[in-house]
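In my numbering, the protein residues as written are 22 to 265.
Have a look at the structure below before the remarks.
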């Protein structure tokens with residue numbers, strides 16, 4: 022992390038209202054083929070839900086190599102983009118939306134689409150964190166606060182080509198939270214708010230406290246920065262060996 026700030030040119034006129042729309046999110050990505058370089062070109066992918074009556078969400082990608090924004094693409098949807106963490110799987114960037122919907126931007130095909138979490142998973146709508154699944158596909162983590170379990174879902178393709186969500190792991194958080202926190206969880210919302218992919222760590226929020234669970238070692242602890250959080254965006258910094 023250099024601390025350097027860089028201002029990008031304004032997005033295309035189609036997105037001029039991005040700062041007063043219903044929903045907005047963005048992600049910074051390394052350009053394809055430059056994953057191992059520290060000074061690599063980058064992309065900024067931006068998604069924006071238009072005004073209340075538009076029922077439209079658009080996306081656009083900025084390239085540091087060209088210094089310009091690409092073409093705007095749109096998809097019709099009643100839901101809106103929310104400011105929760107995104108995840109990149111292969112060439113597709115996934116943004117969370119309201120009511121359990123997911124916005125999918127294929128960076129290679131320049132295509133925008135939506136999918137959704139099934140209606141019978143409504144209890145997860147307001148607290149899912151998108152993440153790569155163990156099989157390399159799309160997954161999400163969410164807390165069932167009625168029983169205080171962390172559920173890990175993955176999206177798989179059935180024999181007939183249908184995409185379905187399957188529960189592949191359930192972690193009993195009662196075994197990790199202190200007894201007084203378990204009691205608190207009965208009166209305040211408990212939800213996932215972030216995922217650190219490089220560290221394989223899920224962040225769980227229990228009003229003004231954040232806890233982290235390492236999914237491989239199962240180490241569990243509290244993050245000491247207390248506060249009110251809607252989501253967090255963990256990051257990993259890189260440096261050359263001679264600069265460490």
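The beta carbon of each residue, even a glycine, is placed where N, CA and C say it ideally should be.
Tell me which residues share the same chain as residue i and place their Cβ nearer than 7 Å to its Cβ, disregarding the 5 neighbours each side in the sequence.
| i | result |
| --- | --- |
| residue 139 | 186 |
| residue 33 | 81, 90, 93 |
| residue 227 | 202, 205, 206, 209, 211 |
| residue 35 | 79, 93 |
| residue 247 | 229, 230 |
| residue 97 | 76, 77 |
| residue 7 | One cannot answer for residue 7 here, as it falls past the ends of the chain, which runs 22 to 265. |
| residue 263 | Residue placement at residue 263 is poorly supported in this model, since its pLDDT is 43, which falls under 50; the coordinates still yield a value, given next. Once the five neighbours on either side are set aside, residue 263 has no close Cβ partner at all. |
| residue 195 | 169, 203 |
Could you spell out the range, first to last residue, of the alpha helix (DSSP H) harbouring residue i?
| i | result |
| --- | --- |
| residue 266 | Given that the chain is displayed from residue 22 to residue 265, the structure contains no residue 266 and the question cannot be resolved. |
Assuming residue i and residue j form a contact by the criterion Cβ under 8 Å, report the distance between their Cβ atoms to the nearest whole angstrom.
| i | j | result |
| --- | --- | --- |
| residue 99 | residue 127 | Between residue 127 and residue 99 the Cβ distance is about 22 Å, and since that is not below 8 Å, they are no contact. |
| residue 85 | residue 101 | Going by Cβ atoms, the distance from residue 85 to residue 101 rounds to 28 Å, so no, they are not a contact pair. |
| residue 160 | residue 173 | 6 Å |
| residue 69 | residue 51 | That pair is no contact at about 22 Å. |
| residue 107 | residue 151 | 7 Å |
| residue 197 | residue 236 | That belief does not hold up - the Cβ atoms of residue 197 and residue 236 are roughly 12 Å apart, past 8 Å. |
| residue 243 | residue 256 | About 20 Å; that fails the 8 Å criterion. |
What is the residue span of the beta strand (DSSP E) that residue i lies within?
| i | result |
| --- | --- |
| residue 185 | 184-193 |
| residue 111 | Premise fails: residue 111 is in no beta strand (DSSP E) and is neither H nor E. |
| residue 170 | 170-178 |
| residue 94 | 94-97 |
| residue 81 | 77-84 |
| residue 104 | No beta strand (DSSP E) contains residue 104, which DSSP labels as neither H nor E. |
| residue 155 | Note, residue 155: premise wrong, no beta strand (DSSP E); not H, not E. |
| residue 136 | 132-137 |
| residue 241 | 241-244 |
| residue 65 | 63-70 |
| residue 123 | 122-127 |
| residue 209 | Segment: none, residue 209 is in no beta strand (DSSP E) and carries neither H nor E. |
Nearest-angstrom Cα distance between residue i and residue j?
| i | j | result |
| --- | --- | --- |
| residue 225 | residue 65 | 27 Å |
| residue 157 | residue 191 | 18 Å |
| residue 27 | residue 88 | 12 Å |
| residue 49 | residue 115 | 13 Å |
| residue 193 | residue 239 | 11 Å |
| residue 222 | residue 122 | 23 Å |
| residue 200 | residue 53 | 47 Å |
| residue 167 | residue 241 | 21 Å |
| residue 148 | residue 117 | 10 Å |
| residue 245 | residue 25 | 27 Å |
| residue 169 | residue 163 | 10 Å |
| residue 137 | residue 184 | 10 Å |
| residue 180 | residue 142 | 23 Å |
Who are the near neighbours of residue i in its chain, counting only those whose CB is closer than 6 Å to its CB and skipping five residues on each side?
| i | result |
| --- | --- |
| residue 154 | 160, 175 |
| residue 113 | 125, 127 |
| residue 129 | 112 |
| residue 83 | 29, 65, 90 |
| residue 67 | 47, 81 |
By Cβ distance below 8 Å, which residues in the same chain neighbour residue i in space, the five residues on each side in sequence not counted?
| i | result |
| --- | --- |
| residue 104 | 44, 45, 46, 251, 252 |
| residue 110 | 153, 157, 158, 159 |
Inset, instruction - Determine, using beta-carbon pairs with one atom in the stretch 245-259 and one in the stretch 206-219, whether at least three such pairs fall under 8 Å. - result: yes
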